[in-house]
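First comes the structure, then the notes that go with it.
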Ligand SMILES: [Zn+2]
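In this note's numbering, the protein residues as written are 6 to 315.
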């Protein structure tokens, strides 16, 4: 189950029941000969059965657990694997605050009102509410982890905050290797969405992240999903071009009548999407519309958006 990617870096992959069908977690060899686990998959009803065979394949104990960001498929198993290994959990300071907000102070009514307010039809809104109830039971996050700030080091791995996919997403960098979480992916683009309580312009944040990846130009990025990214700087350029094109597409969809983010998502992503994917599509449309507002290429009108100057 555990694959060695290069000396001192191993990977385990778990199946996911929704969206992308898998998630990768990484083991980094520590200076004392143990392992640092990065990311934890979804929380499980049978953590011992899930993790024991994985841990048994390692030649040394897991000493620390690092969470890149608070999305369910990354933080979800943190308490499970911490309970089994006794290892402390380390999480970005800002990401942990968001984690508490999202999973500890859940406000289902406000969450539902958010999507309805952005034009989602009732059937999808109900689906989102049910899905969010299901999801919360698979998020076994840990209270009061050790908090990480940009510039901190974990056994020679430098912590950076690279925003956009989530507000306080952290990555680890050492000797040209980026343990990337979901900031950069092969084959698919990381979801960039605007959510309740998130920073106001996530796409602008993400453009900064892409600049930073180009500047760092790591040799390889090991990400949360799909294949490793073998030319992260080149991939960052491709993803930037993709969002620039999508911004143009979103701008072209607007006219003199206000459109909701949901309506714009139909134009960007088509009308045939599951509830899960429609939620991502609407959040992604919102992120692009808000960027257009900041660029002066769209105007807010109530909860919708229109082309300026018509
Ligand atoms: Zn993920």
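Beta carbons are placed, not taken as given, at the ideal position from N, Cα and C, and that holds for glycine.
If you look at residue 163, you'll find it in the beta strand (DSSP E) that goes 162 to 166. Those residues placing their Cβ nearer than 5 Å to any heavy atom of ligand 1 are, following chain order, 78, 187, 229. Per DSSP, residue 25 lies in no beta strand (DSSP E) and is assigned neither H nor E. Counting along the chain, residue 134 sits inside no beta strand (DSSP E); it lies in the alpha helix (DSSP H) bounded by residues 127 to 141. Judged by DSSP secondary structure, residue 83 falls within the alpha helix (DSSP H) whose first and last residues are 83 to 90.
Between the C-alpha atoms of residue 300 and residue 253 there is a straight-line separation of about 12 Å.
Under the Cβ criterion (8 Å, minimum of three pairs), the segment 39 to 55 does not count as touching the segment 202 to 209. Residue 189 places its beta carbon less than 8 Å from that of residue 240. 298 is the residue among 121, 298, 24 whose C-alpha sits nearest the C-alpha of residue 209.
A straight-line Cα-Cα distance of about 34 Å links residue 217 and residue 276. Closest option to residue 226, judged by alpha-carbon separation, among 181, 196, 192: 181. About 6 Å separates the CB atoms of residue 311 and residue 261; that is less than 8 Å, so the two are in contact. In chain order, 70, 83, 87, 147, 150 place their CB closer than 6 Å to the CB of residue 94, counting only its own chain and leaving out the 5 sequence neighbours on each side. Under the three-state reduction of DSSP, residue 11 is assigned to strand.
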